[in-house]
Amino acid sequence: MLKRVHFGSSWLPFALVAPQILITVVFFIWPASQALYQSLLVEDAFGLSSEFVWFDNFIELFGDEHYLGTFQRTIFFSFSVAFLSMAFALTLAAMADRVIKGATTYRTFLIWPYAVAPVVSGALWVFMFDPTLGIFTYTLGALGYEWNHKLNGGEAMFLVIVASAWKQVAYNFLFFLAAMQSIPKSLIEAAAIDGAGPTRRFTSIILPLISPTTFFLMVINVVFAFFETFGIIHAVTQGGPAKATEILVYKVFNDGFIGLDLGGSAAQSVILMLIVISLTVIQFRYVEKKVEY
Amino acid sequence: MAEIHLRQVGKSYGEVEVLQGIDWKIGDGEFVVIVGPSGCGKSTLLRMIAGLESITQGEISIGDRVVNDLEPAERDIAMVFQNYALYPHMSVYNNMAYGLKIRGIPKDEIERRVKQTAEILEIGDYLTRAPRQLSGGQRQRVAMGRAIVREPSVFLFDEPLSNLDAKLRVQMRLEIKKLQQRLGITSVYVTHDQVEAMTLGHRLMVLNGGHVEQLGTPIELYERPLTKFVAGFIGSPSMNFLEAKMSEDGSKAHFTGGNSLELPAHLSGHGDRRVSVGMRPEHLLLDENGSNTASATVHVVEHLGADTLVHGTFGNDDGPELVVRLDGIKTIGQDEVLTLSIDPNNIHLFDPDSGKRLNT
Ligand SMILES: Nc1ncnc2c1ncn2[C@@H]1O[C@H](COP(=O)(O)OP(=O)(O)O)[C@@H](O)[C@H]1O
Ligand SMILES: [Mg+2]
Chain A
1 MLKRVHFGSS
11 WLPFALVAPQ
21 ILITVVFFIW
31 PASQALYQSL
41 LVEDAFGLSS
51 EFVWFDNFIE
61 LFGDEHYLGT
71 FQRTIFFSFS
81 VAFLSMAFAL
91 TLAAMADRVI
101 KGATTYRTFL
111 IWPYAVAPVV
121 SGALWVFMFD
131 PTLGIFTYTL
141 GALGYEWNHK
151 LNGGEAMFLV
161 IVASAWKQVA
171 YNFLFFLAAM
181 QSIPKSLIEA
191 AAIDGAGPTR
201 RFTSIILPLI
211 SPTTFFLMVI
221 NVVFAFFETF
231 GIIHAVTQGG
241 PAKATEILVY
251 KVFNDGFIGL
261 DLGGSAAQSV
271 ILMLIVISLT
281 VIQFRYVEKK
291 VEY
Chain B
294 MAEIHLRQVG
304 KSYGEVEVLQ
314 GIDWKIGDGE
324 FVVIVGPSGC
334 GKSTLLRMIA
344 GLESITQGEI
354 SIGDRVVNDL
364 EPAERDIAMV
374 FQNYALYPHM
384 SVYNNMAYGL
394 KIRGIPKDEI
404 ERRVKQTAEI
414 LEIGDYLTRA
424 PRQLSGGQRQ
434 RVAMGRAIVR
444 EPSVFLFDEP
454 LSNLDAKLRV
464 QMRLEIKKLQ
474 QRLGITSVYV
484 THDQVEAMTL
494 GHRLMVLNGG
504 HVEQLGTPIE
514 LYERPLTKFV
524 AGFIGSPSMN
534 FLEAKMSEDG
544 SKAHFTGGNS
554 LELPAHLSGH
564 GDRRVSVGMR
574 PEHLLLDENG
584 SNTASATVHV
594 VEHLGADTLV
604 HGTFGNDDGP
614 ELVVRLDGIK
624 TIGQDEVLTL
634 SIDPNNIHLF
644 DPDSGKRLNT
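Those protein sequence lines, which keep their order, are chains A and B.
First residue of the first sequence? That's 1 in the working numbering, and the numbers climb one at a time after it.
First residue of the second sequence? That's 294 in the working numbering, and the numbers climb one at a time after it.
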């Protein structure tokens with residue numbers, strides 16, 4: 001039951017929520033509406049005048065091969081990041097779930113990457129894979145593989161995917177581990193008595209029971225890869241080589257701040273906003289459904 | 294079907310010893326109960342039989358195989374857990390079929406067995422439901438069904454009724470007993486409830502603090518408890534223990550509060566010492582003309598209909614506390630002084646220090 005609180009005066013409740021509302025207006029509603037408005041304008045080449053063009057910017061975007069290519073690339077990138085980091089985190093969590101001694105140390109180490117800022121995490125991977133100085137480049141060279149993500153688009157994509165996935169592993173690990181540990185131990189024991197070995201128990205009991213968490217993390221990771229990998233990409237490849245790692249957020253930045261196509265860039269950000277909103281709706285609608293033990 | 298043999302079984306968690314020196318041979322088709330207070334190691338012992346806990350000392354065999362190093366799946370057992378441990382994401386049917394599928398039993402055979410078991414347990418109508426859509430009693434039945442359908446050689450139960458309400462508990466208790474009689478499968482049942490233990494078990498193991506206090510049939514434990522612990526644990530309300538001084542020839546006990554009672558004849562030789570006299574509340578009779586009588590002062594009377602519980606002191610107000618259970622409805626007032634009698638053969642004597650039984 002929710003408790004109802006009765007306020008004596010009518011202004012107090014408003015005063016209490018005012019700071020929240022103010023912050024939301026200043027940092028979200030206002031810029032968002034600016035972007036919406038901006039996306040309906042076209043500026044001339046010198047930025048002196050602008051013309052209201054309705055949805056021309058959007059129509060142009062969806063006719064633009066480059067934009068659609070970026071869209072595809074972003075989807076590939078996001079799902080690769082989500083899949084890679086979740087698969088890795090799931091493996092680690094499954095192992096940690098069975099570890100008893102030293103479990104806390106193990107967990108603490110695994111949580112560290114999450115505390116690292118995306119740009120720093122990017123810088124770390126740049127150092128390790130630097131075509132001339134990097135330790136991995138050197139090792140790969142010794143094994144006969146010539147690594148240069150500054151020239152090879154595929155390698156560049158691989159690198160930003162790995163760097164982004166690495167950043168998310170800790171977060172996913174924590175959620176997976178918490179989900180696994182909330183499964184009553186007797187369920188696993190019952191399955192063991194029923195004759196299921198460790199692999200079978202994992203696939204037929206644990207995986208289905210943590211599926212709400214998996215779904216939740218799927219959405220979170222896709223959102224992360226879509227929007228929060230800007231820092232990593234900026235530090236590692238700047239969207240290159242030849243736009244091979246330019247994903248949607250990076251294109252907004254490139255077109256808007258480098259290319260100065262403000263209307264087109266704003267239209268792109270409005271599309272991104274719609275994607276976020278729909279992902280959030282999916283999140284709320286389906287993740288709330290819990291498994292009952 | 295199988296015998297279970299425990300040989301000097303013990304369990305330690307690091308330095309902490311939670312079970313020691315347990316020896317027991319459970320016969321084929323027998324229904325035995327491990328009973329004791331919470332934390333005495335009942336579940337641990339059962340889980341060692343199941344293979345869910347390692348055996349740190351001794352040896353357990355099921356049938357003619359030593360199972361110490363076998364996985365739970367290889368022991369041919371089924372277990373019913375206290376919280377039922379039903380797979381929440383599977384239907385009732387799949388919960389029951391899971392173990393059969395893993396064993397590679399053909400589909401039509403699985404279906405036949407699940408249906409047949411569901412019939413026995415009267416859960417045939419719920420086969421497509423998820424466990425969360427069932428009541429506690431129904432879940433309990435499904436958990437039993439999951440164990441039965443596998444046709445194991447041993448059933449293990451860990452307090453399976455403790456999550457049910459009192460009425461359902463009595464009903465399920467009876468059903469478990471009938472089911473076990475019908476299937477004749479060796480069963481080990483763990484409970485902290487002495488009524489459950491007495492009603493279900495062919496034989497009981499009373500555990501206390503990790504060691505066996507006594508093994509025996511319910512009647513043996515009731516009539517001849519070997520320790521004060523067992524005497525107090527079995528029977529409700531609990532046995533009265535009254536400190537007394539034994540006469541020189543061992544024929545009488547003298548209590549504070551002014552009473553004296555005659556003791557069983559064969560006790561001579563124990564004379565002139567302190568003893569703890571055990572008398573069950575139902576063995577004290579309201580009988581002025583009895584041969585072995587004593588007085589009691591009434592403090593509180595509880596009417597249960599079928600019987601009347603009298604709480605008071607033995608002798609005058611200075612005497613030790615006492616509970617008497619009288620048949621039927623008796624009108625007794627507060628502070629009334631009753632004359633009670635007891636058959637000397639119903640008197641149990643214990644060493645007040647070691648708690649060991651003195652009379653043979
Ligand atoms: N994993 C464990 N580590 C240490 N001590 C344990 C562990 N499991 C149980 N114990 C101890 O063993 C004793 C017996 O526990 P248990 O068998 O669950 O008791 P019961 O089922 O009779 O209530 C308890 O004192 C408990 O604290
Ligand atoms: Mg227990």
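Virtual Cβ for every residue (Gly too), placed ideally from N, Cα, C.
Since this is a predicted model, take the numbers as computed values, not measurements.
Pairing Met539(B) with Leu642(B), the inter-Cα distance amounts to about 10 Å. Contact check for Val483(B) against Leu339(B) passes: the beta carbons are separated by less than 8 Å.
Comparing alpha carbon positions, the residue from Gly256(A), Asn172(A), Gln20(A), Leu279(A) closest to Val219(A) is Leu279(A). Distance from Met180(A) to Thr245(A) at the Cβ level is roughly 34 Å; contact not present, criterion being Cβ atoms closer than 8 Å. Its chain contains Leu40, Leu41 as the residues whose beta carbon lies nearer than 7 Å to that of Phe52(A), once the 5 sequence neighbours on both sides are disregarded; these appear in chain order. DSSP places Leu207(A) within a helical segment (H, G or I) once states are collapsed to three. Any Cβ of chain A closer than 8 Å to the Cβ of Phe374(B) would place that residue at the interface, and such an atom is present. Around the Cβ of Gly392(B), a 10 Å sphere holds 16 or more other Cβ atoms; the residue is buried. For Leu187(A), the closest Cβ of chain B is nearer than 8 Å.
The Cβ-Cβ distance between Met532(B) and Ile635(B) does not fall below 8 Å. By the Cβ neighbour-count rule, His576(B) is buried, with 16 or more other Cβ atoms within 10 Å of its own. In the three-state DSSP reduction, Tyr306(B) falls in the strand class (E or B). As the crow flies, the alpha-carbon of Asp362(B) is around 18 Å from that of Glu296(B). Not one heavy atom of ligand 1 falls within 7 Å of the beta-carbon of Ser186(A).
With fewer than 16 other CB atoms across the displayed protein chains lying within 10 angstroms of its CB, Leu597(B) is exposed. In chain order, the residues that have a beta carbon nearer than 5 Å to some heavy atom of ligand 1 are Tyr306(B), Val311(B), Ser331(B), Gly332(B), Cys333(B), Gly334(B), Lys335(B), Ser336(B), Thr337(B). Straight across, the Cα-Cα distance linking Thr91(A) with Ser80(A) is about 16 Å. Around the beta-carbon of Val26(A), fewer than 16 other beta-carbon atoms lie within 10 Å, marking it exposed. Interface residue (Cβ-Cβ distance to chain A less than 8 Å): Arg422(B) is not classified as such.
The Cβ atoms of Gly608(B) and Ser588(B) lie closer than 8 Å to each other. Positions of the beta strand (DSSP E) runs, each at least 3 residues long and wholly inside the stretch 354–402 of chain B, are given as 370–373 in order along the chain. Distance from the CA atom of Thr632(B) to the CA atom of Gly648(B), rounded to whole angstroms, is 29 Å. Relative to ligand 2, the nearest heavy atom lies less than 7 Å away from the CB of Asp451(B). When 8 Å is used as the limit between beta carbons, Pro365(B) is near these residues of chain A: Glu189, Ala192, Ile193, in chain order. DSSP, read as helix, strand or coil, puts Thr108(A) in helix.
The three-state secondary structure of Ala117(A), taken from DSSP, is coil.
Looking at the backbone, the Cα of Asn552(B) and that of Arg358(B) are separated by about 58 Å.
Shortest Cα-Cα distance from Phe227(A) to any of Ser33(A), Ala82(A), Gln38(A) involves Ala82(A).
Uninterrupted beta strand (DSSP E) stretches at least 3 residues long and entirely within the stretch 518–556 of chain B occur at 533–539, 545–547, 553–555, given in chain order. Pro557(B) is outside the set of residues whose beta carbon lies under 8 Å from a beta carbon in chain A. Within the stretch 384–396 of chain B, contact with chain A at the beta-carbon level (separation under 8 Å) is assigned to Tyr391, Gly392, Ile395, Arg396. Per the coordinates, the alpha-carbon of Thr349(B) lies some 11 Å from the alpha-carbon of Gly314(B). By the neighbour-count definition (other C-beta atoms within 10 Å, threshold 16), Thr229(A) is a buried residue.
About 4 Å separates the beta carbons of Ala378(B) and Ser186(A), which is inside the 8 Å limit, making them a contact pair. Here Val249(A) is actually not in contact with Val126(A); their C-beta atoms are around 19 Å apart, not less than 8 Å.
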